[in-house]
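With the working numbering applied, the sequence shown covers 5 to 171. Accompanying notes for the structure given below.
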Amino acid sequence: MEKIGVFYGTTTGKSGAIADEIDFNLRKIDHEIFNVADGISEITNFKNLILITPSYGVGQLQRDWEAHRAELESIDFSGKKIALVGLGNQFTFGESFVEGMKKLYDIVTSKGGEVIGMTKNVGYSHKESEAVIGDKFVGLALDENNQDEETPDRVANWIQDILKEFY
């Protein structure tokens with residue numbers, strides 16, 4: 005398996021903590037973690053990617069991702085497999101739960117990337133979300149405000165699933 009690049013944007017530290025959780029679960033797999041605040045130029049060096057973003061406002065990207073959006077939109081993701089993680093609050097923002105993740109999905113798929121690691125829309129109490137296609141989220145949906153006790157198992161199980169799809 006080729007090395008995995010993990011890129012996260014964080015404002016309050018919750019996405020950074022998720023990056024740490026993913027780091028722990030990938031401890032036996034070759035990977036490298038990057039804070040998007042430091043730039044995204046390294047994305048082009050990986051065929052296997054995990055992109056992590058919280059949602060802000062009404063389903064908007066985290067500010068560091070937004071600051072690099074033009075650069076992200078210029079990357080050719082052809083031949084790359086991308087797994088997405090979205091953080092949100094399903095009760096306070098139940099009409100736009102983890103929609104920042106959908107913004108990343110739209111960018112990478114429009115540039116030829118293959119998104120892997122979609123998860124079932126089960127066990128959540130949100131009203132709706134653009135991040136759900138059919139009956140699945142476009143990646144791993146996490147709610148650190150209301151379901152943080154679920155996070156370790158959700159991340160561990162998801163990592164095992166996506167490792168089967170990375171090459």
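Think of the CB as a built atom: it goes at the ideal place given N, C-alpha and C, for glycine as much as any other residue.
Quiz item: Applying the criterion that 16 or more other CB atoms from any shown protein chain within 10 Å of the CB defines a buried residue, is Pro156 buried or exposed?
Solution: exposed
Practice problem: Have a look at Glu153, Ile111, Glu148 and flag the residue whose alpha-carbon is nearest the alpha-carbon of Ala135. | Solution: Ile111
Quiz item: Among Ser133, Trp162, Leu146, Asp24, which residue has its Cα nearest to the Cα of Pro58?
Solution: Leu146
Quiz item: With 16 as the cutoff for other CB atoms within 10 Å, does Gln94 come out buried or exposed?
Solution: buried
Quiz item: Could you give the distance in angstroms between the alpha-carbon of Gly13 and the alpha-carbon of Gly138?
Solution: 27 Å
Self-check item: Beta-carbon proximity list for Asn125, same chain, < 7 Å, skipping 5 on both sides
Solution: Val136, Asp139, Lys140, Phe141
Quiz item: When you compare only the Cα positions, how much space is there between Phe170 and Gly43?
Solution: 24 Å
Quiz item: Near His72, which residues of its chain fall below 8 Å by C-beta distance, leaving aside the five closest residues on each side in sequence?
Solution: Val40, Gly43, Ile44
Quiz item: beta strand (DSSP E) containing Val10: first to last residue?
Solution: 8-12
Self-check item: Own chain residues within Cβ distance below 8 Å of Gly20, not counting five before or after
Solution: Tyr12, Thr14, Asn39
Practice problem: Let me know the alpha helix (DSSP H) ranges lying completely inside the segment 99-139, each 4 residues or longer, listed in chain order. | Solution: 103-114
Self-check item: Whether Gln64 touches Gly121 by CB criterion (8 Å)
Solution: no
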